[in-house]
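See below for the structure under consideration.
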Amino acid sequence: MTLSRGANVALTREIPDLTTVVVGVAWDVGHEPTLGSRLVCATLLLDGSGNLPSPEHFVFFNQLVSPDASVGHRTARGTDREQVEVDLPDVPAGVDTILFVLYVDDGAGVHRTLGQLRSCSVRVLDGRGDRELVASEDLAPGLRDETALVLGELYRHSSGWKFRVVGQGYSSGLTGVARDHGLVL
1 MTLSRGANVA
11 LTREIPDLTT
21 VVVGVAWDVG
31 HEPTLGSRLV
41 CATLLLDGSG
51 NLPSPEHFVF
61 FNQLVSPDAS
71 VGHRTARGTD
81 REQVEVDLPD
91 VPAGVDTILF
101 VLYVDDGAGV
111 HRTLGQLRSC
121 SVRVLDGRGD
131 RELVASEDLA
141 PGLRDETALV
151 LGELYRHSSG
161 WKFRVVGQGY
171 SSGLTGVARD
181 HGLVL
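Using this note's numbering, the first residue of the sequence shown is number 1, and each one after it goes up by one.
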């Protein structure tokens with residue numbers, strides 16, 4: 001199933017025994033190999049107010065696992081460049097949403113953007129065998145000067161979990177995403 005921006009799917013309603021999901025991110029930088037080496041995936045675990053409960057709920061290359069070990073980066077497989085594994089029953093009750101973000105980690109004096117991407121997508125796999133459950137449309141078209149992109153969100157709904165493709169770009173980069181969720185970088 002391919003989802004466009006804003007579309008969602010009720011994962012645990014469709015698969016009641018789903019306990020682990022893997023969120024994979026794929027991209028193509030074309031003739032911009034330096035851009036590819038500067039792309040980073042981050043995961044933000046948010047409370048009911050949409051804020052990070054603490055800086056430790058920001059999972060990325062310097063902090064590969066959430067404080068409760070329910071969310072963690074793993075070695076990417078297949079066509080994904082990055083993968084994050086989420087053990088749904090272990091996500092603390094105070095975490096309502098898990099955001100998946102791709103951003104450019106550029107140094108001073110360098111300005112690369114996500115508008116240089118040829119393609120970018122996010123997908124959700126069943127953690128029991130990496131069977132694809134849902135994938136996004138290509139999120140690269142329409143990106144221009146953005147340096148961060150909220151790819152999608154895994155969120156609680158009723159007694160289960162849903163996934164929504166977001167595709168919201170930020171020209172203010174990761175700083176802007178973090179600020180929107182109560183963290184100052």
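Beta carbons are placed, not taken as given, at the ideal position from N, Cα and C, and that holds for glycine. A quick note: this is a predicted structure, and the numbers were derived from the prediction, not measured.
Quiz item: Going by beta carbon distance, what residues of the same chain come within less than 8 Å of Gly72, once the five residues before and after it are set aside?
Solution: Val59, Leu64, Val65, Ser66, Val84, Glu85
Quiz item: Quick one, which of Cys120, Asp105, Thr12, Pro55 has its alpha-carbon nearest Gly159's?
Solution: A small fix is needed here, since residue 159 is Ser in this sequence, not Gly. It is Thr12.
Exercise. Would you identify the three-state DSSP class for Arg128, choosing helix, strand or coil?
Key: If DSSP states are grouped into helix, strand and coil, Arg128 belongs with coil.
Quiz item: Hey, Leu120 and Leu139: beta-carbon distance below 9 Å or not?
Solution: A small fix is needed here, since residue 120 is Cys in this sequence, not Leu. Note that the C-beta distance between Cys120 and Leu139 is below 9 Å.
Quiz item: How far does the alpha helix (DSSP H) with Glu14 in it reach, from first residue to last?
Solution: 11-14
Quiz item: Would Leu35 pass as a contact of Val104 if the rule is Cβ separation under 9 Å?
Solution: yes
Exercise. Below 8 Å CB to CB, which residues in the same chain sit around Thr131 once its five sequence neighbours on both sides are set aside?
Key: Strictly speaking, residue 131 in this sequence is Arg, with Thr absent from that position. The residues are Leu125.
Exercise. In angstroms with no decimal places, state the Cα-to-Cα distance between His181 and Val95.
Key: 13 Å
Quiz item: What are the start and end residues of the alpha helix (DSSP H) that includes Leu35?
Solution: 33-38
Practice problem: Give a yes or no on whether the C-beta atoms belonging to Ala148 and Gly173 are separated by under 9 Å. | Solution: Here Ala148 is near Gly173, since their CB atoms are less than 9 Å apart.
Exercise. My understanding is that Arg5 touches Gly167, with C-beta atoms under 8 Å, so please give their C-beta distance in whole angstroms.
Key: 4 Å
Practice problem: On the DSSP bridge assignment, give the partners of Thr19 in chain order. | Solution: The partner list for Thr19 (beta bridge, DSSP) is empty, contrary to what the question assumes.
Quiz item: Relative to the alpha-carbon of Arg179, which residue among Trp27, Leu52, Leu102 has its alpha-carbon at the smallest distance?
Solution: Leu52
Quiz item: Exposed or buried, Leu185, counting other C-beta atoms within 10 Å across all chains shown (16 or more means buried)?
Solution: exposed
Quiz item: Between Leu88, Thr97, Pro33, which lies nearest to Asp47 when the distance is taken from Cα to Cα?
Solution: Thr97
Quiz prompt | Residues bridged to His73 (per DSSP) | solution = Val84
Quiz item: On the three-state DSSP scale, how would you describe Asp28?
Solution: strand
Quiz item: If you draw a straight line from the C-alpha of Arg77 to the C-alpha of Leu99, how long is it?
Solution: 21 Å
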